[in-house]
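Working notes for the structure below.
In the numbering used here, the protein residues as written are 6 to 215.
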């Protein structure tokens, strides 16, 4: 039998009874979370320990009466609040990934044009670097979107960890690239200012009217 788990208006699963036991032990599913058993919404604890609690069911999502044990569990992180925004942003992550691949393909075409028309070594390496950056960033976003799909199908701590690590790798890469460009642009501006200063200092002195 398969079960759907609900928390904070987000639904996860389906899971088998063995998976429910496993995820409750891992702490990724709470005993007071709601689970649909095929007919009614009940607490997870009523499914995994049916002999310990009477089953009070309702076709509407019930209001959970907090008890001391549930209060202690809620002191941990509410993973539903973490993965909810992640699920909602998946389509935009996928869109930006596809856009990155398109930009990388365009830059690759420019590299080929540069080779055939001999537009210069600077233009060649510039387009090549842009293509590599675009493809790598797009691949990270694509993997990140895929990891969200995996997390949606199997709500486990390891899957959540993989998604967060991919997100961190993407922003680390973006930060390194941005810092590199800032340094290069700063050096170019310094050289331009130094060149202008040197040019002005070497201007000949024009004789005065006196």
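Note that the Cβ used here is the ideal one computed from N, Cα and C, for glycine as well.
Non-local beta-carbon contacts of residue 102 in its own chain, meaning distances under 7 Å to residues more than five positions away in sequence, involve 143, 146, 147, 150 in chain order. Segment contact: the segment 28-39 against the segment 161-173, three or more CB-CB distances shorter than 8 Å; contact assigned. Annotation: residue 12 to residue 106 spans about 36 Å, alpha carbon to alpha carbon.
Considering only 153, 110, 128, 203, the residue with the shortest C-alpha distance to residue 137 is 110. Going by beta carbons, residue 54 and residue 37 fall outside the 7 Å limit. Straight-line spacing of the CA atoms in residue 194 and residue 158 works out to 51 Å.
Straight across, the Cα-Cα distance linking residue 134 with residue 16 is about 42 Å. Residue 201 and residue 130 have their C-alpha atoms spaced approximately 27 Å apart.
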